[in-house]
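A.B. asks:
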Amino acid sequence: MYEREYTPRPEATEEMRREFTANVSHELKTPITSISGYAEMMVTGMARREDWPKLAEKIYSESRRLIALIDDIIRLSRLDEGSISEPAAQVDLAAAARRCADRLEVEAARCRVNVTVSGPGASVMGSAQLIDEMITNLCDNAIKYNREGGRVVIRTGERDGCPYFSVEDNGIGIAPEHLGRVFERFYRVDKSRSKDTGGTGLGLSIVKHAAAWHHASIEAESAPEKGTKISIIFDGKGGEQV
Numbered sequence: 001m002y003e004r005e006y007t008p009r010p011e012a013t014e015e016m017r018r019e020f021t022a023n024v025s026h027e028l029k030t031p032i033t034s035i036s037g038y039a040e041m042m043v044t045g046m047a048r049r050e051d052w053p054k055l056a057e058k059i060y061s062e063s064r065r066l067i068a069l070i071d072d073i074i075r076l077s078r079l080d081e082g083s084i085s086e087p088a089a090q091v092d093l094a095a096a097a098r099r100c101a102d103r104l105e106v107e108a109a110r111c112r113v114n115v116t117v118s119g120p121g122a123s124v125m126g127s128a129q130l131i132d133e134m135i136t137n138l139c140d141n142a143i144k145y146n147r148e149g150g151r152v153v154i155r156t157g158e159r160d161g162c163p164y165f166s167v168e169d170n171g172i173g174i175a176p177e178h179l180g181r182v183f184e185r186f187y188r189v190d191k192s193r194s195k196d197t198g199g200t201g202l203g204l205s206i207v208k209h210a211a212a213w214h215h216a217s218i219e220a221e222s223a224p225e226k227g228t229k230i231s232i233i234f235d236g237k238g239g240e241q242v
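FYI, in full-length UniProt numbering the residues of the sequence shown are 1 to 242.
1. Please identify the residue among Ile135, Leu179, Thr156 whose C-alpha is closest to the C-alpha of Ala220.
2. Answer yes or no: do Gly119 and Phe234 have a C-beta to C-beta separation smaller than 9 Å?
3. Within 10 angstroms of its Cβ, does Trp52 collect 16 or more other Cβ (buried), or is it exposed?
4. Please report the residue range of the beta strand (DSSP E) in which Thr116 lies.
5. Determine the direct distance from the alpha carbon of Ala88 to that of Val106, and round the result to whole angstroms.
6. Exposed or buried, which one is Lys208 when buried takes at least 16 other CB atoms within 10 Å?
7. Along the chain, where does the beta strand (DSSP E) that runs through Ala220 open and close?
8. Can you give the beta carbon distance from Gly173 to Thr116, rounded, assuming they're within the 8 Å contact cut?
9. Could you pull out every residue in the same chain whose Cβ sits closer than 6 Å to the Cβ of Tyr187, ignoring the five residues on either side in sequence?
10. Which partner residues of Tyr164 appear in the DSSP bridge assignment?
11. If we call anything under 9 Å between Cβ atoms a contact, is Val167 one with Ala142?
12. With a threshold of 8 Å on Cβ separation, who are the neighbours of Leu130 within its own chain once the five nearest residues in sequence on each side are excluded?
Structural data, given as structure tokens:
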């Protein structure tokens, strides 16, 4: 085992912090305002007793959204600061892909999307936790931004001697003008759909920074109404300019 650290460029870090702070204040305020509003309706008697279960469900939903957002903020902040320094070990990408597919089985069934894993096993020296997060975030997006009866395929293997995994779907796709920005924190192609799916807007940014920790390259291909494919290639060429 060995220790691996990823340290962003100082000037990029300062700029990211300023932008991050501005966005976080807005993103946190939205669910907190909703929770406060629903609770006030119950406390002041503005809401009828028979409506309390519905309001409680909304408070629970917004609370879960807030917790997910805070978890993602903490994770991304640690990646930004280069404070993740953990032992790296051999990770089987195929096994990691199967674990993620199993974990998202209920969500996929709810959205009526079929998730499969294919390809030979491929081993990479890295962080099992970060690789798990990358596959899970990509697969979760592929499920949520899909259509009923859609499919998601997680592939693993080697490309030009380099381990890789990819997540491909036949969902709604991403327009060319948005594709270059989807890995930015809090960037959403469709804000209304993101709110409906419960996304925090940080999943792909976490993928980007976790890939950087591994010095892995990211390839993204997409077309509206045809689907999206995102590949993480462990080629040692990525991670310097995030």
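For every residue, glycine included, the Cβ atom is placed at its ideal position computed from N, Cα and C.
C.D. replies: Reading it off the structure:
1. Mapped onto the sequence shown, residue 220 falls at position 220. For the set Ile135, Leu179, Thr156, the Cα lying nearest the Cα of Ala220 is the one of Leu179.
2. Taking the sequence shown and counting its residues from 1, one reaches residue 119 at position 119. Taking the sequence shown and counting its residues from 1, one reaches residue 234 at position 234. In this structure, Gly119 lies away from Phe234, with their beta-carbon atoms at least 9 Å apart.
3. Your numbering for residue 52 matches position 52 in the sequence shown. Trp52 comes out exposed.
4. Here residue 116 corresponds to residue number 116 of the sequence shown, with the count starting at 1. Its beta strand (DSSP E) spans residues 114-118.
5. Counting from one through the sequence shown, the residue named residue 106 turns up at place 106. Counting from one through the sequence shown, the residue named residue 88 turns up at place 88. If you take the alpha carbons of Val106 and Ala88, they lie about 30 Å apart.
6. If you number the sequence shown from 1, residue 208 lands on position 208. Around the C-beta of Lys208, 16 or more other C-beta atoms lie within 10 Å, and the residue is accordingly described as buried.
7. As a working mapping, residue 220 is identified with position 220 in the sequence shown. From DSSP, the beta strand (DSSP E) with Ala220 extends over 217-223.
8. Walking along the sequence shown from the start, residue 173 turns up at place 173. Walking along the sequence shown from the start, residue 116 turns up at place 116. In this structure Gly173 does not touch Thr116 by the C-beta definition: roughly 19 Å separates them, more than the 8 Å allowed.
9. As a first step, residue 187 is located in the sequence shown; it is residue number 187 there, counting from the start. Within the same chain, Tyr187 has close Cβ partners Arg181.
10. Here residue 164 corresponds to residue number 164 of the sequence shown, with the count starting at 1. Paired residues: Gly157, Ile233.
11. Taking the sequence shown and counting its residues from 1, one reaches residue 167 at position 167. Taking the sequence shown and counting its residues from 1, one reaches residue 142 at position 142. Yes, the Cβ-Cβ distance between Val167 and Ala142 is below 9 Å.
12. The residue given as residue 130 occupies position 130 in the sequence shown. Contacts found: Ile84, Ala210, Trp213, His214.
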